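Taking it in order: structure first as structure tokens, then the write-up.
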Amino acid sequence: MYYALLCYHSEDVVCSWTQEEDAAVMARLDVIQRRLVREGKLSSAVRLLPTTAATTLRKDQDPPLVLDGPFAETKEQLLGFYILDVDGLNEALDIARELGGANPGGAYEIRPVGFSYDVGAGGGGPG
Amino acid sequence: MSEDPRWLDVALASARPQAMAALLRYFRDLDLAEEAFQEACLRALRSWPANGPPRDAAAWLAFVGRNVAIDAVRRRARLAPLPPEEALSDLGDAETDLAERLDGADYRDDVLRLLFVCCHPELPATQQIALALRIVSGLSVRQIARAFLVGEAAMEQRITRAKARIAQAGVPFETPGPAERAERFAAVAAMIYLLFNEGYSSAGPPPSERAGLCEEAIRLARLLLRLFPAEPEMMGLAALMLLQHSRAAARFDNEGQLVLLEAQDRRRWNRAAIGEGLALLDKAMRHGAPGPYQLQAAIAALHARAARPEDTDWRQIERIYAALEHMQPSPVVTLNRAVAVARVEGPLTALALVEPLGGRLSGYFHFHGLRGALLTQLGRRLEARDAFTRAIALAGTAAEAAHIRQHLDALAADADAAGERAG
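The listed protein sequences correspond, in order, to chains A and B. Residue numbers for the first sequence follow our numbering, so the first one is 1456 and each next one is one higher. Residue numbers for the second sequence follow our numbering, so the first one is 11 and each next one is one higher.
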């Protein structure tokens, strides 16, 4: 079963980390990620650039509108995601707890994957 | 929560600009806003470790800061007693309410105003930066003094004077109209870039302090971009700083000597910073409203994209400098264009561009340095030596002087070799 682990954190806080603090968090995560890859439980780990680099295409109008910035303005921002290949929610939660220990603050949203071009079997696009 | 005690400092520091901006709007006085913020931080230090940080740290600090300051006034007037500490750490609806109001458009203008008050045109550049670092970034006077290589007392005095000047000038508190907002944006962008250059300049503070100033400038630009996401020049400025700062690790050798772009180990350039800079520049260009920061970022991007120095697209760089010259005529821009012209069309054409600048740039180190290099390429050694000799007298740092010394030594060695051949 594939789960997406969507990583939310305050960008203000993450962008205030010094280079050393940032590197220390990434190093702690790296240890866990390497093990998960060895165990065949991690399909991908993605860190996104700050939301200031984001562009949004609003497709609820014709022609779609291109806007600067992220889709949603929230207190915590979507800063990255993992795709996990695990048995079920409990295992996904265990991994989320472990990753959270290495990178405290913010929240992980755990979302089962419904379809993925790489792994899914047919079906429509996500919309 | 993390066991790292630093989380509290980071949380307070990252919430500071927003909270200070709201407090400044409320009190309309920098000193009062600062006092209120300090008080709120003290309360946070007592309450957050036990309860965890609030969801919206900036709103919490603004709310508590405001109430504490009002209470202080009331207490002096012997009216109402202080509320119990627990009541403050659980603000409930009141905090949510304020957070919602903080999200509004006014709040964006609050943060812009907070930065704008620091760049009052009557304040000299160094005071603007010092004030922004103190008020917006919350650096201690000691940290700022160290970054500017002056004593703590002198810096304290400088900041106090700057604040007094601003208080006299009166801060505009109405919500700005579009023209006014654009003006504020330009002033704030210029101040942020000054701050960046204070850290970037080789004549500036020691490397450990330097990176901090550059990163603070980038942080402020990101903050403004989040509040005003569709400003192409702010994207351009953020891109420019990210692309320049991406080279930080390669710009100085182990002895602290400046390494020129050509000689830098490009593997040490920060790829994430380059990626972010290129993405922002891409976004900015979509607006079709080029400005000086975007153009300078575009030049930095061409350097960042070249895997090796010889891959640099000098022709394109020359074109962009020409556009920049057209937009913002300045002898320094022309001098920079001449560097690109020398690559594309050779030293003779470049020299023809450089010579007329002599009147205005006679006291400028890089003018004589470039002139010397072009004359050397043209084999006019005596004139080259004169130019380098004038450059070395104007060098602002040991690294600059050492660099020119190398040229002079090479010229002397050439002359010796020629002498031997002749003899």
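Glycine is no exception: its CB is placed at the ideal position from the N, C-alpha and C atoms. Because the structure is a prediction, the values reported are computed rather than measured.
Inter-stretch contact (C-beta, 8 Å, three-pair minimum) for the segment 1458-1477 of chain A and the segment 14-28 of chain B: yes
Range of the contiguous beta strand (DSSP E) that encloses C129/B: Neither: C129/B is in no beta strand (DSSP E) and is coded neither H nor E.
At least three beta-carbon pairs within less than 8 Å, the segment 1524-1541 of chain A to the segment 1493-1505 of chain A: yes
Under the three-state DSSP convention, the category R1566/A falls into: strand
Residues, ordered as in the chain, of the segment 1508-1521 of chain A that lie near chain B by beta-carbon distance below 8 Å: A1508, T1510 and V1521
Cβ contact (3+ pairs, closer than 8 Å) linking the segment 69-84 of chain B and the segment 21-38 of chain B: They touch, by the three-pair rule.
R220/B classed as buried or exposed, judged by whether at least 16 other C-beta atoms fall within 10 angstroms: buried
CB of Y1458/A within 8 Å of CB of R1552/A, strictly: no
Cβ pair G382/B, H336/B closer than 8 Å: no
Nonlocal neighbours in the same chain, by C-beta distance under 7 Å from V354/B, ignoring five residues either side: Within the same chain, W324, R325 and E328 come within 7 Å of V354/B by CB-CB distance, once the 5 residues on both sides are set aside.
Neighbourhood of F1448/A by C-beta, 7 Å cutoff - its chain only, sequence neighbours within 5 removed: Outside the shown range of chain A (1456 to 1582) lies residue 1448/A, about which nothing can therefore be said.
Rounded separation between S99/B and L334/B - CA only: Since pLDDT at S99/B reaches only 48, below the 50 mark, its modelled position is unreliable, and no value is offered.
Proximal residues to T399/B (C-beta, below 8 Å), its chain only, five neighbours per side dropped: L418
Cβ-based burial, E1494/A [other Cβ within 10 Å; buried from 16]: So E1494/A ends up on the exposed side.
Assigned secondary structure, D66/B (DSSP; H/G/I helix, E/B strand, else coil): coil
Euclidean distance between Cα positions of A46/B and A67/B: So the two alpha carbons sit approximately 15 Å from each other.
Chain-ordered neighbours of R229/B on chain A, where CB pairs are closer than 8 Å: C1470 and S1471
Check whether I145/B and L40/B have beta carbons under 8 Å apart: yes
8 Å Cβ cutoff met for T1529/A and R236/B: Not a contact, by the Cβ cut-off of 8 Å.
Positions along the segment 57-74 of chain B whose CB lies within less than 9 Å of some CB in chain A: P63, R65, D66, A67 and A68
Distance between beta carbons of L305/B and L330/B, contact taken as under 8 Å: The sequence as given places Ile at residue 330/B; Leu does not occur at that position. Right, the Cβ-Cβ distance comes to about 5 Å (below 8 Å), so this counts as a contact.
Partner residues on chain B for L1504/A, Cβ-Cβ distance less than 8 Å: A282, G285, E286 and A289
Check whether F195/B and E241/B have beta carbons under 8 Å apart: Between F195/B and E241/B, the C-beta spacing is below 8 Å.
Outcome for N264/B when other beta-carbon atoms lying within 10 angstroms are tallied against a minimum of 16: Counting Cβ neighbours within 10 Å, N264/B comes out exposed, since fewer than 16 surround it.
Whole-number beta carbon distance between G1561/A and H1464/A, since they are thought to touch under 8 Å: 3 Å
Exposed unless 16 or more other CB atoms sit within 10 angstroms - verdict on T344/B: buried
Interface flag, G1555/A vs chain B, CB-CB below 8 Å: no
Rounded distance between the beta-carbons of L230/B and G287/B, thought under 8 Å: 16 Å between Cβ atoms; not a contact.
Three-state secondary structure assigned by DSSP to S12/B: Any reading at S12/B must be qualified, since the residue scores a pLDDT of 44, below 50, and its modelled position is unreliable; the value itself is stated next. Here S12/B sits in coil by DSSP.
Neighbourhood of H376/B by C-beta distance below 7 Å, restricted to the same chain and skipping five residues each side: L345
Paired residues, beta bridge with Y1458/A - DSSP: L1539/A and P1567/A
The ligand GTP heavy atom lying under 7 Å from the CB of R1489/A: This structure lacks the ligand GTP; in fact it carries no ligand of any kind.
Chain A residues whose Cβ lies nearer than 9 Å to that of V269/B: Residues of chain A passing the Cβ test: none, with the nearest at roughly 19 Å.
C-beta atoms of P1505/A and R232/B nearer than 8 Å: Yes. Within cutoff.
Partners in chain A for W279/B, counting only beta-carbon separations shorter than 9 Å: Per Cβ cutoff of 9 Å: no residues; W279/B is ~14 Å from chain A at best.
Proximal residues to V448/B (C-beta, below 8 Å), its chain only, five neighbours per side dropped: With chain B represented from 11 up to 433, any question about residue 448/B goes unanswered, as that position is not in the structure.
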